[in-house]
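Structure first, then comments.
Residue numbers (my numbering): 894 to 1077.
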């Protein structure tokens, strides 16, 4: 077993893929290996979200990511804190990788998981797939910094937020497209 793998096992981390970036070892959660049923959010592609090529316009994935992460925070129990702004965070970096197009009226599944928690920051990854398939459409990783609602200054993640982010919402489904009803 490698040193990194031993570290992951010792810390109780989920099965991970090791990725070298800028000489820094980074653990990236692989959704299918870490949670048999990660938090999932279903939505339908609307006409106005498509471009002249009749596929989802690339910038819409930023919107889709934001909505998916909002639903994720509801699922881990922070709905009221987000409404009152007791829990507030700002985007620092967002990386998007497109794999395949989504089209008007298709139902998309967004799988959300926390991939990193730091002192004041956390990273969430959203994997978009065509509902009912493993066809990956797009992956978006977003780094956020937690801020104070009054001063907008960075503030540390408290233990409860860290615990909830790391635990995620396995098996929880939020369905804005009626996909779950069609499957039953």
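C-beta atoms are modelled at their ideal positions from N, C-alpha and C, and glycine is treated no differently. Values in this document were obtained by computation on a predicted structure and should not be read as measured data.
Asked	Found
Could you round the C-beta distance between residue 1034 and residue 1008 to whole angstroms and report it? I think they count as a contact, below 8 Å.	7 Å
For residue 1047, name the three-state secondary structure that DSSP assigns.	strand
Apart from the five residues on each side of it in sequence, which residues of its chain come closer than 8 Å, Cβ to Cβ, to residue 1057?	969, 970, 971
Among the candidates 1046, 935, 949, whose CA atom is the shortest distance from the CA of residue 993?	949
Mapping DSSP to helix, strand and coil, what is residue 1006?	strand
Please determine, among 1070, 1021, 964, 1059, the residue with the shortest C-alpha to C-alpha distance to residue 951.	1021
For residue 1062, is the classification buried or exposed, using 16 other Cβ atoms within 10 angstroms of its Cβ as the cut-off for buried?	buried
Express the C-alpha separation of residue 954 and residue 1088 in angstroms, rounding to a whole number.	It is not possible to answer for residue 1088, since the shown part of the chain is limited to 894 through 1077.
Which parts of the stretch 947–1000 are runs of the alpha helix (DSSP H), unbroken and 4 residues or longer, counting only runs that do not cross its ends?	953–968, 972–977
Could you tell me if residue 995 is buried or exposed, where buried requires 16 or more neighbouring beta carbons within 10 angstroms of its beta carbon?	buried
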